[in-house]
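**Student:** Encoded as structure tokens, here's the structure I'll be asking about.
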Amino acid sequence: MTHDFEALNPTASFLGSKYATEDDAMLVSQVEIWSTGTRIFETFGVDTDAPVSDQLVPQLRRFAIVLDTWRANWNERFNVNSHVGNYPRKGVRLHFHFAKLYLCSHAFRGLHRTANTPIDMSSEVEEFANTAVLSAISILRVIVSDNEIQSHLNGLPLYFDTMIAFAVVFLLKLATRDSGNVRIDRHEVLGLVGQLDGILKSLKPSFHRRHLLFSIATSIEKLLDRCLQPANQETLLHPPTHVHP
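Each residue of the sequence shown is one higher than the one before, starting from -10 at the first, in the working numbering.
Written out as structure tokens, the structure is:
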């Protein structure tokens, strides 16, 4: 809502104040990455049937560099917090992978295809497609391997829940189809989704029944069951087009 307000654009300059605290730094880091997400949204829009044009590929690369720079700037900035432990630093990693997945998943836009037909894309776009896969896998790896992150899942913003779900669906769609030159390890994906399913099951008693992760946990379990049935692999997720979270 405020990205055109010039006084707020140089957010990091606020940290030059002698009154600035680490909480302010965490807020500024969020403003920066959400501002980048806004620019990505405004650049690529919401038409999931429109492939990324050759003219927009350089924009993908520029945004990727912006996100890499954001992570480099903030990755070592935060210390252990007395209330949330190492979450501030670990949150930087998760937010980075969320944003990178959102950006690079644009590579799959407009790729209409039928079952048993491999994905066909240019080498330039293919690079971003593989980065999207790596980011989605990184999200699941963090969730299943970090007990501290798991302990915070019940209190994190809904954005985290939806991006976890998006990463799962994104990977399962690719892992159960011939993805051409997009590199994905089907066994690793199924293993990570299985571990995530187990973790969410164990956390279910701590969730309110209307908590989004409660329903996501139920849906992941059903998707995984369908994925593990060979006869259903091609119809696991029927819509062939890319869908944003």
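Each residue gets a CB set at the ideal place from its N, CA and C atoms; glycine is no exception.
At the level of alpha carbons, what is the spacing between residue 21 and residue 42?
**Tutor:** Translated into positions along the sequence shown, residue 21 becomes position 32. Translated into positions along the sequence shown, residue 42 becomes position 53. In a straight line, the C-alpha of residue 21 is about 26 Å away from that of residue 42.
**Student:** Between residue 96 and the rest of its own chain, which residues show a CB-CB distance below 7 Å, the 5 nearest in sequence each way excluded?
**Tutor:** The residue given as residue 96 occupies position 107 in the sequence shown. Within the same chain, residue 96 has close Cβ partners 41, 110, 114, 117, 118 and 121.
**Student:** Check whether the Cβ atoms of residue 159 and residue 94 lie closer than 8 Å to each other.
**Tutor:** Counting from one through the sequence shown, the residue named residue 159 turns up at place 170. Counting from one through the sequence shown, the residue named residue 94 turns up at place 105. Yes, the Cβ-Cβ distance between residue 159 and residue 94 is below 8 Å.
**Student:** Which residues in the same chain as residue 213 place their Cβ atom closer than 7 Å to its Cβ, once the five residues preceding and following it in sequence are excluded?
**Tutor:** Against the sequence shown, residue 213 aligns to sequence position 224. 182, 183 and 186.
**Student:** Using alpha carbons as the reference points, say which of 33, 88, -1 and 34 lies closest to residue 123.
**Tutor:** For this step, residue 123 is matched to residue 134 along the sequence shown. Nearest of 33, 88, -1 and 34 to residue 123, Cα basis: 88.
**Student:** Under 8 Å by Cβ, that's how I've got residue 25 and residue 55 pegged, so tell me the actual separation to the nearest angstrom.
**Tutor:** Counting from one through the sequence shown, the residue named residue 25 turns up at place 36. Counting from one through the sequence shown, the residue named residue 55 turns up at place 66. The pair is a contact, with the Cβ atoms about 5 Å apart (cut-off 8 Å).
**Student:** Kindly provide the ranges of any alpha helix (DSSP H) runs that are 4 or more residues long and lie completely inside the region 29 to 91, ordered along the chain.
**Tutor:** Segments of the alpha helix (DSSP H) lying fully in the region 29 to 91: 46 to 63.
**Student:** Can you give me the C-alpha to C-alpha distance between residue 30 and residue 201, rounded to a whole angstrom?
**Tutor:** As a first step, residue 30 must be located in the sequence shown, where it is residue number 41. As a first step, residue 201 must be located in the sequence shown, where it is residue number 212. So the alpha carbons of these two residues sit roughly 24 Å apart.
**Student:** With a Cβ-Cβ cutoff of 8 Å, do residue 53 and residue 92 count as a contact?
**Tutor:** Within the sequence shown, numbered from 1, the residue matching residue 53 stands at position 64. Within the sequence shown, numbered from 1, the residue matching residue 92 stands at position 103. Yes, Cβ-Cβ distance for residue 53 and residue 92 is below 8 Å.
**Student:** Of the residues 46, 18 and 99, which one's Cα is nearest the Cα of residue 82?
**Tutor:** On the sequence shown, residue 82 is found 93 positions in, with the first residue counted as 1. When only C-alpha atoms are compared, the closest one is 18.
**Student:** What are the start and end residues of the alpha helix (DSSP H) that includes residue 184?
**Tutor:** For the purposes of this step, residue 184 is identified with residue 195 of the sequence shown, where counting begins at 1. Here the alpha helix (DSSP H) through residue 184 covers 175 to 192.
**Student:** Excluding the 5 residues flanking residue 127 on each side, which residues of the same chain have their C-beta closer than 6 Å to its C-beta?
**Tutor:** Residue 127 sits at position 138 when you count from the first residue of the sequence shown. Around residue 127: 86.
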